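K.L.:
Throughout the sequence shown, residue numbering follows UniProt numbering, covering 1 to 354 in sequence.
One structure is given below, represented as structure tokens, and several questions about it will come after.
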Amino acid sequence: MCWVMGQLISVGVLRGFLHRADEWGWRVPYAIQWMWPLPIIVGVILAPESPWYLVRQDRIDEARKVLKGLVSAKNTDYNVDHHIALIIHTNAHERAVSAGTSYKNCFTGIDLRRTEITCCVWVIQVTCGIWFGGNVIYFLQQAGFDARKSFDFGLGHNAVALVGTLCAWWIMQYVGRRTLYLYGLGINFTILVIVGFLGIPKPSSTIAYATGSLLYLFTFTYDVTVGPVCYCMVTEIPSTRLRIKTVALARNCYNIVSIGANFLNNPILNPSAWNLRGKGGFIWCGFALVSWIWSYYRLPETKGLSANELDVLFEQKVPARRFLKVKADPFRSENLKAVQLEATTPVVTHLEEK
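Structure below.
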């Protein structure tokens with residue numbers, strides 16, 4: 001949501017200063033950015049400490065106090081002591097499985113798989129094609145739109161992104177993360193292919209409007225699926241003891257791939273370079289297809305699973321496509337039991353811990 005609101009504000013500010021031909025036409029938009037650090041610093045100072053961190057530091061009473069402050073007073077069924085006990089149990093289980101908390105541990109044992117998934121989930125935010133599909137202003141200018149019309153289109157584009165993010169808040173309560181990723185990538189792949197074919201004929205205003213409309217749909221799909229869901233999964237997939245380091249590694253992977261995307265996308269649209277215009281969709285749809293294939297085979301479902309249940313599933317090397325079919329018992333350490341949920345007759349399988 002913060003990303004989308006920031007993009008909407010930035011496009012709005014730039015649109016408002018299009019008429020300025022002097023130096024203030026670019027100085028003021030830059031200066032407006034300086035107002036944000038102060039409220040961000042205040043928000044960070046006032047933010048509560050993580051209860052997981054407090055438990056790992058044996059500050060149980062403080063963790064209990066933080067949890068009480070985070071839970072709505074209307075949630076009368078919430079049991080703080082039960083949650084604290086689950087955190088303690090999860091922390092003890094992860095410590096028994098993998099005692100280390102260094103960056104090296106992110107690449108060893110069962111945590112290697114979790115690091116791979118976390119990094120790829122974030123990288124897919126780039127490889128799904130958003131660098132191409134979200135660059136609607138520059139795209140339309142290269143298609144012949146003037147600056148004012150392009151920025152007006154860009155404002156609508158970011159408004160659609162905001163609506164998509166708001167819809168995701170509701171949809172994610174009922175639809176799984178893996179499902180949203182697969183459907184989102186599938187739809188965006190299809191849109192990129194269509195945009196690629198629209199880029200083959202000679203440019204015209206009709207094709208430009210059609211392409212712009214498809215990019216609206218692309219962005220809406222992204223902001224309902226891959227965009228916001230990513231931020232849930234990168235915190236759910238890692239073990240709690242390695243979460244901070246795993247997320248840091250994943251974000252660095254995202255940044256590195258983003259640099260490559262910037263170098264790739266600019267010549268695709270630039271008239272003095274490759275000048276592919278809409279045909280650039282053929283390039284990005286390849287990345288989107290690879291992302292979909294990886295997600296199908298490697299991305300597990302995490303919705304509704306506790307951190308301890310995920311620990312058990314990863315420890316037992318359950319395939320990604322079976323995460324929803326296996327119910328792990330997080331409170332048994334020597335005989336971890338899983339129930340295979342079949343469509344007809346339930347089958348109980350016992351997984352012996354080695």
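We treat Cβ as the ideally placed atom computed from N, Cα and C, and that holds for glycine.
Since the model is a prediction, treat every value here as computed from it, not as a measurement.
(1) Taking the beta strand (DSSP E) that Ala307 falls in, what are its first and last residues?
(2) What residue from Ala261, Tyr78, Gly304 has the CA that sits closest to Tyr174's CA?
(3) Inspect the beta-carbon positions of Val126 and Ala261 and report whether they are closer than 7 angstroms.
(4) Can you tell me which of the three DSSP states Ala328 falls into?
(5) Can you tell me whether residue 364 is helix, strand or coil according to DSSP?
(6) Alpha carbon to alpha carbon, how far is residue 365 from Thr302?
(7) Am I right that Gly280 and Ile268 are in contact with their C-beta atoms under 8 angstroms? What's the rounded C-beta distance?
(8) With 16 other CB atoms within 10 Å as the buried threshold, where does Met35 fall?
(9) What residues in its chain sit with their C-beta under 6 angstroms from that of Asp223, if we drop five residues either side in the sequence?
(10) In terms of residue numbering, what span does the alpha helix (DSSP H) encompassing residue 357 cover?
(11) The ligand FMN heavy atoms versus the CB of Arg322: any closer than 6 angstroms?
(12) Would you check if there are 3 or more beta carbon pairs closer than 8 angstroms linking the stretch 131–143 to the stretch 16–34?
(13) Closest to Asn16 by CA distance: which of Arg322, Val247, Arg148 is it?
(14) Between Ala328 and the rest of its own chain, which residues show a CB-CB distance below 6 angstroms, the 5 nearest in sequence each way excluded?
(15) Do you know offhand how far Leu299's Cα is from Tyr30's?
(16) Where does Ala168 land, buried or exposed, given buried means 16+ other C-beta within 10 angstroms?
(17) Report yes if the C-beta distance between Leu192 and Gly129 is below 7 angstroms; otherwise report no.
(18) How close, in whole Å, do the beta carbons of Leu242 and Thr101 come, if the pair is a contact with beta carbons under 8 angstroms?
(19) What span of residues does the alpha helix (DSSP H) with Asp111 cover, start to end?
(20) How would you write the range of the alpha helix (DSSP H) that Asn188 sits in, first residue to last?
(21) Excluding the 5 residues preceding and the 5 following Arg113 in the sequence, name in chain order all residues of the same chain whose CB lies nearer than 7 angstroms to its CB.
(22) Pick out whichever of Thr225, Arg251, Val28 has its Cα sitting closest to the Cα of Asn116.
(23) Buried or exposed for residue 361, please, with buried defined as at least 16 other CB atoms from any protein chain shown within 10 angstroms of its CB.
P.N.:
Short version:
(1) No beta strand (DSSP E) holds Ala307; the alpha helix (DSSP H) holding it covers 307–315.
(2) Gly304
(3) yes
(4) strand
(5) Absent from the model: residue 364. The displayed extent of the chain is 1 to 354, so no value can be given.
(6) The question about residue 365 has no answer here: the residues shown for the chain are numbered 1 through 354.
(7) 4 angstroms
(8) exposed
(9) Ala161, Gly164, Thr165
(10) Here the chain has residues from 1 to 354 only, and residue 357 is not among them.
(11) This structure does not include the ligand FMN; it has no bound ligands of any sort.
(12) no
(13) For the record, residue 16 in the displayed sequence is Gly; it is not Asn. Looking at the Cα atoms, Arg148 is the closest of the given residues.
(14) Glu309, Val312, Leu313, Ala338
(15) 39 angstroms
(16) buried
(17) yes
(18) 6 angstroms
(19) 110–127
(20) 177–198
(21) Phe314
(22) The question names Asn, yet the displayed sequence has Glu at residue 116. Of the listed residues, the one whose Cα sits closest to Glu116 is Arg251.
(23) Residue 361 is absent from the model: the chain starts at 1 and stops at 354.
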